[in-house]
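Quick notes on the structure that follows.
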Amino acid sequence: MSPRRLNLIIITVAVIVILSSAVALLGRPPQQVEVQIVGAYDSSRLNRFDHLVVKLRNLDSPPFRPVFFIVDGTPGGYKAWEIVEGPQELSPGEEALYTLKSPFVLNALPPNRAFVILVLDADNYTLKAKSRLHYFEPSSFTPLRNPNLYYWIYDVMKGCSQPFAWSYVSCRDGVEEVAAVMESDGSAKLLVANLTRNEGEWVMSGLWQTVELPGVLTIKVKPMFSTPLSSKPSRVVGVEVGFGSWDWGEHRRVSNYSLIPYQGLWILFTNETSEPRLIKSDIGEGLMLYFVPVNVSEWNTVVVNVSAVFHEIGWDLPEPQPYMYEGNLYIIRRAELTIFVAKYPWDAHPTELLEAYFDYVDETPYSG
1 MSPRRLNLII ITVAVIVILS SAVALLGRPP QQVEVQIVGA YDSSRLNRFD
51 HLVVKLRNLD SPPFRPVFFI VDGTPGGYKA WEIVEGPQEL SPGEEALYTL
101 KSPFVLNALP PNRAFVILVL DADNYTLKAK SRLHYFEPSS FTPLRNPNLY
151 YWIYDVMKGC SQPFAWSYVS CRDGVEEVAA VMESDGSAKL LVANLTRNEG
201 EWVMSGLWQT VELPGVLTIK VKPMFSTPLS SKPSRVVGVE VGFGSWDWGE
251 HRRVSNYSLI PYQGLWILFT NETSEPRLIK SDIGEGLMLY FVPVNVSEWN
301 TVVVNVSAVF HEIGWDLPEP QPYMYEGNLY IIRRAELTIF VAKYPWDAHP
351 TELLEAYFDY VDETPYSG
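Set out below in structure tokens:
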């Protein structure tokens, strides 16, 4: 085929495409349905918007049943959102408010993520309306995300499910040692077992999250064993509020702050005291143990005034600093919070199963 003939074919095809697009554009009927984004909110305290409020107006379309999809440029394409409130059908001339909910936590919208809403007809899935590109700016940092431990996601790298916004952490040296987390009737179950070493580090199972420094912590917990009232307990169940993160390779804590060394407060659950007790730890430097009374094998709601304990210890508390979360910058007093169960090699029953259930962990941020 000669170059001249090839060029003619290409030009002819281009003209046909342009004319077809022009005919389609000129012949497109006026918009029959309008969709307007009214607002959004974070009902589950995920630091993501899991509910949207939209206004839908049927200008001149036959009655139809709307379904809503979000497109935000992330993998997964069209993401269906459920209608929580709003009429099932919209007639010509009607307008209505719809409250939409993300059925999956990973489909909820982080602040500053741009998205559009597509409205389709539920009967034939034809497109009825498309919103303008929109995003919501972050208002403030959610001090503790997913406090009810309700939403869970599977972590491929760790090979386990963990509550959204929490990170499963564990420590075990022997291949036969057991450390695990699992969902159990709406709560998080942490367990350790089968410690056969006579020396070395603990075997530990925990859930960790970077949080705003708590002033008051509220924990609903069902421990299946008691932490011994000791400066060096052999088995522990509790919550750590610390100013550093674990260096797992070196088995040590690293401070988040240049002027404050690593410090950690362990709030430990025990049935060996009727009043809270504060004891300096002999387990590691920079640790203080705060024992609170609980009933073993029962649900307990424990409230701890962390600010008062810090004041009693006399620790310097961190100043607000920049913290990046899901691409957004916040200024917070940063702390690391971990709920955990653990056992040390000097325990009298090292192979025994130890477990605890956590139903929620909530906080009121420090305001000093």
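Numbering follows my numbering, with no gaps: position 337 of the sequence shown is 337.
For each residue, glycine too, the CB sits at the ideal point set by N, CA and C.
Local Cβ density within 10 Å of G76, reported as buried at 16 or more and exposed below that: Classification for G76: exposed.
Proximity to E85 [Cα-Cα], best of Y78, V67, G73, A114: Looking only at Y78, V67, G73, A114, the smallest Cα-Cα distance to E85 is reached by V67.
Residues sharing a beta bridge with R57, DSSP: E34, E95, per the DSSP bridge assignment.
S367 burial status per 10 Å Cβ neighbour count (16 or more: buried): Answer is exposed; the Cβ neighbour count stays below 16.
Cβ-based neighbour list, V203, same chain, cut-off 6 Å, excluding 5 preceding and 5 following: These residues qualify, in order along the chain: R172, E177, A179, V192, L195, K343.
Beta-carbon contacts of E240 that lie in its chain and below 6 Å, excluding the five residues immediately before and after: The beta carbon of E240 sits closer than 6 Å to the beta carbons of G264, W266, T338 from its chain, once the five residues preceding and following it are set aside; these are given in chain order.
CB contact flag (E137, N112, <9 Å): Going by beta carbons, E137 and N112 fall inside the 9 Å limit.
Rounded C-alpha distance that separates P29 from Y41: Because the pLDDT at P29 is just 48, under 50, the model does not fix this residue reliably, and the value given afterwards should be weighed accordingly. So the two alpha carbons sit approximately 35 Å from each other.
One or two residues paired with K343 in a DSSP bridge: Beta-bridge partners assigned by DSSP to K343: V203, R235.
9 Å Cβ cutoff met for F115 and H134: Yes; because the gap between Cβ atoms is below 9 Å, this pair is in contact.
Limits of the unbroken alpha helix (DSSP H) element including S307: Element bounds for S307: 306-313.
Terminal residues of the beta strand (DSSP E) in which S167 lies: From DSSP, the beta strand (DSSP E) with S167 extends over 167-171.
Per-residue burial, Y78 [other beta carbons within 10 Å of its own, 16 or more giving buried]: Y78 comes out exposed.
Counted within 10 angstroms of its Cβ, other Cβ atoms place L127 as buried (16 or more) or exposed: Label assigned to L127: exposed.
9 Å Cβ cutoff met for K222 and D362: No.
Alpha carbon of S91 to alpha carbon of R65, nearest angstrom: One C-alpha to the other measures close to 9 Å.
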